[in-house]
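For reference, each letter of the sequence shown is one residue, going 368 to 996 in our numbering.
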Amino acid sequence: MNPRVFWGASLIVGALLAVAVIAPDQSDWAFQSAQGWVIDTFGWFYVGAVAGFLGLVLFLALGPTGSLKLGPDDCEPDFPYASWLAMLFAAGMGIGLMYFGVAEPIQHYVSPPEAEPGTFGAAREAMVITFTHYGVHAWAIYALVGLSLGFFAHRKGLPLTLRSGLSPLLGKRTNGPIGDAVDIFAVCGTVFGIATSLGFGVSQINSGLNYLVGLPNTALMQCALIALVMAAATASVLTGLDKGVRRLSELNLTLAVLLMLFVLVVGPTGFLLKALVQNFGLYLDHFFIRTFTLYAYEPRGWMADWTLFYWAWWIAWSPFVGMFIARISRGRTVRQFILNVLLVPAGFTFLWMTVFGNTAIFLDMGSASGAISAAVSADLSTALFRFLAELPGTAITSTVAVVLVAVFFITSADSGSLVIDTLASGGADDTPRWQRVYWCLLLGLVAGLLLLAGGLGALQAATLVAALPFTVIMIALAVGLTRQMNADIAGRVVETEGPPLAEQLKRLLAPASRRDIQRHLDRVAVPALESVREGLEGEGLTTEVSRQEDGVSLTATTGGGRPFHYRLAARDRPRPAMTALDAPERRRAMEWRLSARSDDVARPRDVTGFTHDQIVADVLEHLHRWRLG
368 MNPRVFWGAS LIVGALLAVA VIAPDQSDWA FQSAQGWVID TFGWFYVGAV
418 AGFLGLVLFL ALGPTGSLKL GPDDCEPDFP YASWLAMLFA AGMGIGLMYF
468 GVAEPIQHYV SPPEAEPGTF GAAREAMVIT FTHYGVHAWA IYALVGLSLG
518 FFAHRKGLPL TLRSGLSPLL GKRTNGPIGD AVDIFAVCGT VFGIATSLGF
568 GVSQINSGLN YLVGLPNTAL MQCALIALVM AAATASVLTG LDKGVRRLSE
618 LNLTLAVLLM LFVLVVGPTG FLLKALVQNF GLYLDHFFIR TFTLYAYEPR
668 GWMADWTLFY WAWWIAWSPF VGMFIARISR GRTVRQFILN VLLVPAGFTF
718 LWMTVFGNTA IFLDMGSASG AISAAVSADL STALFRFLAE LPGTAITSTV
768 AVVLVAVFFI TSADSGSLVI DTLASGGADD TPRWQRVYWC LLLGLVAGLL
818 LLAGGLGALQ AATLVAALPF TVIMIALAVG LTRQMNADIA GRVVETEGPP
868 LAEQLKRLLA PASRRDIQRH LDRVAVPALE SVREGLEGEG LTTEVSRQED
918 GVSLTATTGG GRPFHYRLAA RDRPRPAMTA LDAPERRRAM EWRLSARSDD
968 VARPRDVTGF THDQIVADVL EHLHRWRLG
């Protein structure tokens, strides 16, 4: 484990949980107020960022970077294609589809932002809005985080943690306090996001059991259900990713497809097929408008309550989903990863929302006579079961729905526990069982205590507030990912290390002379290369350090007999021109720099002012790159 991340995140989770439990009303007011302020003030930032994320991932998929693999160029995918898609689907929006598949279209139908409520126009608008909220925008957020983590972990050999995605920007500083803070932030956000979703999921399970067998719909009963389901999730976690999560995800997808096909067949089939085509056409027609709509000229609370809420929620969930899909996507190309993550789950979601949402609206306008919309207004968790009551085989379909929600519950809990454990362990795959069990039990404890105390809304609001700084982190991940991918395509090395600030300021104000560089070679560079030589010889490699007139070289012969050369040399260059008169090179004074060359990359690198440890690290980094080819 990484003790700083593990215990730091545990303390923060415990502190916020204590506040939400001890003072649920006050904490709810405080967090709700903060959420409202963030969304009102930075709504434009969320909208612009999500649009930018979508554009970037499409550019990376369709451009030359699309051919890069998440892993070595010759590696094969870890999971079969169908299993991979099933895990993508189950991890991303499983509980959300079950909870909001009926509820959200009905809510927009009853209270649309622009159309007349309860009309055919409202029905059309409801489906466009639902498609937007659950479409490619959400999956672009997940794809960006997942791609960044998967690329650096599987291709660059870095730990599977969020901080790794910042390595092109921070270099080795990612292993310091900044990296720890990013991972702690991700762990806390993941715990709170999953806990709140599990709270909503168990309330739906309880509503289904209340409808089927009359089980009391109380907070204590929901806590008992959490304990039961988390026991199953713990068992799944202990079996590992390949056996537990994979099998449950496949079962999940099978049950979901069967339930959806049943509703499609017994419902208004012809209408649903026509509605699916028209819904998709309306979604494309409104795509750019909905992407950038903020109602700036006609302010209304609807935007904050729905679209901005969803964007913040998907961003808050992205460490969890992104980490999970990165972990399961080794061996996929960037193009395959992005297009499948964007299109396949979104396509299934469109079909699901059409079948359940349009059928619910159809029935509510006809035989149900407003009963479904009334149930949605009264209690969202009962919406699915009140909807199924209007179809044949209610007892069977409701039972399948309860099982489906429970399995989604388990897959979210066990995949979430594995992700959190990976983050808190510095990206380690093989961690002690007690750590995985610890995070799984913590998720259940947080959800249960908040249900009892009534603090679920407070924690949900806190999670959404945390989405704002994580949006900034995502932008940094996007910059680092783009920089590294472009370097890989061009065959370059991304340089992330520079001399200490004091040294940089010194050379800015007083450029180095030949004597300065020679002194640096004697006092710092040569001892650094000698340290590397001693280390390599201790590992059985034949290594030599030789001096030249203008520099020093290190030659190491690996087991295959290929020599590796690393050379430091003094180089001169004209000083920057300060006036137009100084612009011609012949008029400018010269300054001296320390230049490094190695066999893994053709171009020289400026290492003027590097410390002993920085030169050692630079040699080892380029030796590693050279050995990898």
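A virtual CB, placed ideally from N, CA and C, is assigned to each residue, including glycine.
{"Item": "Cβ pair Gly918, Ala895 closer than 8 Å", "Value": "no"}
{"Item": "Runs of alpha helix (DSSP H) lying entirely within the stretch 711-782, each at least 4 residues, in chain order", "Value": "726-732, 738-745 and 750-755"}
{"Item": "Expected contact under 8 Å - CB spacing of Val558 and Ile389 to nearest Å", "Value": "So it is not a contact: roughly 18 Å between Cβ atoms."}
{"Item": "Outcome for Ala742 when other beta-carbon atoms lying within 10 angstroms are tallied against a minimum of 16", "Value": "buried"}
{"Item": "Buried or exposed by the 16-neighbour rule on C-beta atoms within 10 Å, applied to Ser450", "Value": "buried"}
{"Item": "Proximity below 8 Å, CB of Val503 to CB of Ala745", "Value": "no"}
{"Item": "Top-ranked residue by Cα proximity to Ala780, from Ala598, Ile379 and Arg970", "Value": "Ala598"}
{"Item": "With 16 other Cβ atoms within 10 Å as the buried cut-off, status of Lys641", "Value": "exposed"}
{"Item": "Sequence ranges, alpha helix (DSSP H) only - wholly within the stretch 413-447, length at least 4", "Value": "none"}
{"Item": "Identity of the residue in Glu958, Asp939, Trp959 and His932 nearest Asp1034 by Cα", "Value": "Past the edges of the chain, shown from 368 to 996, lies residue 1034, and the structure says nothing about it."}
{"Item": "Beta-carbon proximity check, Glu492 vs Ala482, cutoff 8 Å", "Value": "yes"}
{"Item": "For Ile856 and Trp678, the rounded distance between their alpha carbons", "Value": "32 Å"}
{"Item": "Residues of its chain near Ile593, where Cβ-Cβ distance is below 6 Å and the 5 sequence neighbours each way are ignored", "Value": "Val569, Gly811, Ala814 and Gly815"}
{"Item": "Sub-8 Å separation of Val983 and Ser920 beta-carbons", "Value": "no"}
{"Item": "Backbone CA spacing between Phe629 and Leu595 [nearest angstrom]", "Value": "29 Å"}
{"Item": "Spatial distance of Asp980 from Val891 (CA atoms)", "Value": "9 Å"}
{"Item": "Alpha helix (DSSP H) segment containing Ser920, residue limits", "Value": "First-last for Ser920: Gly918 to Thr924, but that is the beta strand (DSSP E), not the alpha helix (DSSP H)."}
{"Item": "Local Cβ density within 10 Å of Gln703, reported as buried at 16 or more and exposed below that", "Value": "buried"}
{"Item": "Start-to-end residues for the alpha helix (DSSP H) that takes in Arg371", "Value": "Pro370 to Ile389"}
{"Item": "N-terminal and C-terminal residue of the beta strand (DSSP E) that Glu911 is part of", "Value": "Thr909 to Arg914"}
{"Item": "At least 3 beta-carbon pairs within less than 8 Å: the stretch 417-425 vs the stretch 841-853", "Value": "yes"}
{"Item": "Beta-ladder partner(s) of Leu529, from DSSP", "Value": "In the DSSP output, where bridge partners are listed per residue, Leu529 has none listed."}
{"Item": "Arg934 versus Leu990: straight-line alpha-carbon distance, rounded", "Value": "12 Å"}
{"Item": "Where Ala453 falls, given that 16 or more other Cβ within 10 Å makes a residue buried", "Value": "buried"}
{"Item": "Reduced DSSP category for Trp506 - H, G, I as helix; E, B as strand; rest coil", "Value": "helix"}
{"Item": "Sequence-distant residues of its chain with Cβ nearer than 6 Å to Thr924 (five each side left out)", "Value": "Thr909 and Pro930"}
{"Item": "Cβ pair Leu790, Leu626 closer than 8 Å", "Value": "no"}
{"Item": "Member of Ser965, Trp806 and Thr761 whose CA lies at the smallest distance from the CA of Thr922", "Value": "Ser965"}
{"Item": "Environment of Gln589 [buried if 16+ CB atoms lie within 10 Å]", "Value": "buried"}
{"Item": "His991 in three-state terms, based on DSSP", "Value": "helix"}
{"Item": "Nearest-angstrom Cβ-Cβ length linking Val633 and Leu514, presumed shorter than 8 Å", "Value": "At roughly 40 Å, the Cβ-Cβ gap does not stay under 8 Å, so Val633 and Leu514 are not in contact."}
{"Item": "Inter-residue Cα distance where the pair is Asn725 and Leu511", "Value": "31 Å"}
{"Item": "Beta-bridge partners of Tyr933, as assigned by DSSP", "Value": "Leu921 and Ser965"}
{"Item": "CB-CB length for Thr658 against Ala418, believed under 8 Å", "Value": "5 Å"}
{"Item": "Delimiting residues of the alpha helix (DSSP H) encompassing Ser880", "Value": "No alpha helix (DSSP H) contains Ser880, which DSSP labels as neither H nor E."}
{"Item": "Alpha carbon of Phe729 to alpha carbon of Leu835, nearest angstrom", "Value": "38 Å"}
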